[in-house]
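Under our numbering, the residues of the sequence shown are numbered 603 to 937, in order.
In this text, a Cβ means the ideal position worked out from N, Cα and C, and glycines have one as well.
Step one of this worksheet: look at the structure below.
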Amino acid sequence: MLKIELKLKSSTNDPDNDAENSPESVLVNSPERKNSPEPVLVNKGNSPERALVDSPERALVDSPERALVDSPEEQLFPLVRIVLVETSHPGNIGAAARAMKNMGLTRLYLVSPRLFPNDKAIWRAASAAEVVRDAVVVDSLGEALQGCQLIIGTSARERRIPWPMLAPNTCGVKVFEAARAGNEVAIVFGREAHGLKNEELQLCHYHLNIPTGKAYSSLNLAMAVQLISYEILQAKLRSDEIAEDRQSRGAQAGDASVETDNDHWDMEYATAEAVEHFFTHLESTLVQVGFHDPENPRQLLTRLRRLFNRVRMDKMEVNILRGFLTAINKLKNSN
Ligand code: SAH
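The structure is reproduced here in C-alpha cells:
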C-alpha cells in the first residue's frame with residue numbers, strides 16, 4: 603500500500619506525464635540510449651518530410667526488419683489522420699504514435715505541440731518512431747484539417763450545445779467506411795489539461811465521448827487514441843471477415859464488398875477549408891443583411907455551424923450556397 607502511495611505521489615504533479623514513470627521509459631532510458639547523440643532536426647517547420655536523422659532510431663528504420671513492417675500492405679488507413687492539439691507532454695505524443703501504429707494507423711498531425719521534437723516522444727513510440735518522425739506539425743487546427751471531409755472531435759466532457767455524437771464502435775465503422783469511400787478523415791484529440799476548445803469542437807461533424815465510470819471521465823490522451831484506433835481496425839477486420847465469408851460462399855468477386863457501406867454519395871464531400879470559407883461568407887452576409895449583430899452574437903453562428911455540419915455538405919451543395927450568398931450580396935450592394 604505504502605509503495606503504491608509513494609508511486610502515486612511521484613506522478614500526481616503531472617497526471618498525464620505517465621511516460622516518465624512507466625517501466626517502459628526506464629527500459630528505453632538504458633545507458634546505451636543515454637549516450638546516444640541528440641537527434642538532429644533537418645526539416646523544422648510544417649513539411650510532412652520533417653525528419654530526425656542520425657538518431658539511433660534511424661538505424662532501426664533502415665533495417666530490413668523495418669522495411670518489412672513499412673511495406674505498403676501495412677498502410678491500412680492512408681486517408682485517416684490523428685490530430686493532437688497542443689499536446690503538453692512529448693511522452694504522450696510517442697505513446698499515441700505507438701497506439702496508432704499498433705492498430706495500423708500512421709498519419710499523425712500535431713498542432714503546436716509544446717515540446718517537439720523531443721527524445722521522450724521517440725522513446726515512448728518504441729517501434730513506432732517513424733510515426734513521430736513523420737508527424738506533420740502545424741500552427742492551427744484549421745491547417746491540420748486541410749482537405750478533410752469527415753472530422754470527429756473527441757471530448758471527455760459533455761458540452762453546452764449538444765452535437766451529433768458517435769460511440770467509439772460506430773466511430774470505427776464510420777471512419778473505416780468514409781476512408782474506404784475515398785474521403786480524408788480526421789480524428790481530433792485535445793490538450794491533456796483542458797481538452798478541445800468549443801470553437802475547435804465546432805469544426806467537427808461528430809463528437810465522440812468514450813464512456814467511462816462516473817467518478818473519472820478523462821482518459822490519458824494516448825489511451826484515448828488507442829481505443830479509437832482499435833475500433834477503426836476492428837471495423838476493418840469485421841468488414842474483411844464478411845467479405846471473405848461471402849467469397850467463400852461463392853459470391854462473385856464484385857459482390858465481396860460489405861453491405862454496411864453507407865458512405866457512398868454521388869458528389870465528393872466538401873473539404874474543411876471549403877466549409878470554413880462558406881461559414882465566413884455566411885457570417886458576413888448575415889451581418890450585411892442585418893440578421894446577425896456581431897456585438898450581440900448569442901449562439902446564432904454556433905447553431906448554424908451545427909446545422910450545416912450535421913448535413914455534411916458535398917462540394918456541389920457548398921457551391922450552390924456560396925452562389926446564393928453572392929446573389930444576396932449583389933442585391934444588397936445594388937440597393
Ligand atoms: N481535462 C480534459 C480532458 C483532457 S484528456 C477535459 O476535461 O476535457 C485529453 C484528451 O483525451 C481529450 O481532449 C480527448 O481528446 C481525449 N479523451 C480523454 N478522455 C476521453 C473520453 N472519455 N472520451 C473521449 N475522449 C477522451
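In its own chain, which residues sit with a C-beta less than 8 Å from the C-beta of residue i, not counting the 5 before and 5 after it?
i: L821; result: A758, I812, T814, L829
i: H807; result: L752, I753, I754, P766, N911, R912, R914
i: G744; result: L805, A874, E875, E878
So is residue i buried or exposed if we call it buried at 16+ other beta carbons inside 10 Å?
i: S831; result: buried
i: P896; result: exposed
i: I789; result: buried
i: G784; result: exposed
i: G749; result: exposed
i: K934; result: exposed
i: Y818; result: exposed
i: H866; result: exposed
i: V891; result: exposed
i: L909; result: exposed
i: D842; result: exposed
i: F778; result: buried
i: G797; result: buried
i: P764; result: exposed
i: M705; result: buried
i: G852; result: exposed
i: F791; result: buried
Check for me: the alpha helix (DSSP H) holding residue i runs from which residue to which?
i: T928; result: 917-936
i: Y832; result: 823-850
i: K776; result: 770-782
i: A731; result: 731-735
i: W725; result: 721-727
Can you list, in chain order, the residues of its chain with a C-beta nearer than 6 Å to that of residue i? Leave out the 5 residues immediately preceding and following it.
i: T708; result: V733
i: V630; result: Bear in mind that the predicted position of V630 carries a pLDDT of just 34, short of 50, making it unreliable; the figure below should be weighed with that in mind. Correct list, in chain order: W725.
i: L810; result: I754, T756, L768, C773
i: S690; result: R716, E794
i: V920; result: A872, A876, F880
i: F703; result: Residue identity differs from the one stated: residue 703 is Lys in this sequence, not Phe. If we look at K703 and ignore the five residues flanking it on each side, its Cβ neighbours are A730, V733.
i: A746; result: V685, Y711, V713, V740
i: D672; result: Summary for D672: the model assigns pLDDT 49, below 50, so the residue's position carries little reliability; its value from the coordinates is reported in the next sentence. Result list for D672: empty, nothing under 6 Å.
i: M869; result: D916, K917, M918
I'd like the list of long-range same chain contacts for residue i, defined as Cβ closer than 7 Å, with 5 residues on each side in sequence excluded.
i: A699; result: L710, A727, A730, V733, V734
i: G774; result: E833, I834, Q836, A837
i: R840; result: none
i: Q804; result: T904, R907
i: R924; result: F880, H883
i: P770; result: L810, I812, L829, I830, E833
i: L888; result: H894
i: K722; result: A621, P692, G693, G696
i: E846; result: none
i: I930; result: T887, V891
i: L902; result: H894
i: R762; result: none
i: A781; result: F679, L681, V682, V787
i: F718; result: P692, I695, L712, V739
i: A701; result: A824, V827, Q828, S831
Let's see if you can read the secondary structure: which residues bound the beta strand (DSSP E) around residue i?
i: A788; result: 787-791
i: T904; result: First-last for T904: 902-913, but that is the alpha helix (DSSP H), not the beta strand (DSSP E).
i: G749; result: Run containing G749: none; DSSP gives neither H nor E here.
i: L810; result: 808-810
Would you list the residues sitting across from residue i in a DSSP beta bridge?
i: M702; result: Beta-bridge pairing links M702 to no other residue.
i: G892; result: G892 is not bridged to any residue.
i: I684; result: L710, I789
i: L743; result: Note: L743 sits in no beta bridge, so no partner.
i: G797; result: R793
i: T756; result: L810
i: V738; result: Y711
i: M869; result: Looking at the DSSP assignment, M869 forms no beta bridge with any residue, so it has no partner.
Is there at least one non-hydrogen atom of ligand 2 closer than 7 Å to the beta-carbon of residue i?
i: G797; result: This structure simply doesn't include ligand 2; it includes ligand 1 instead.
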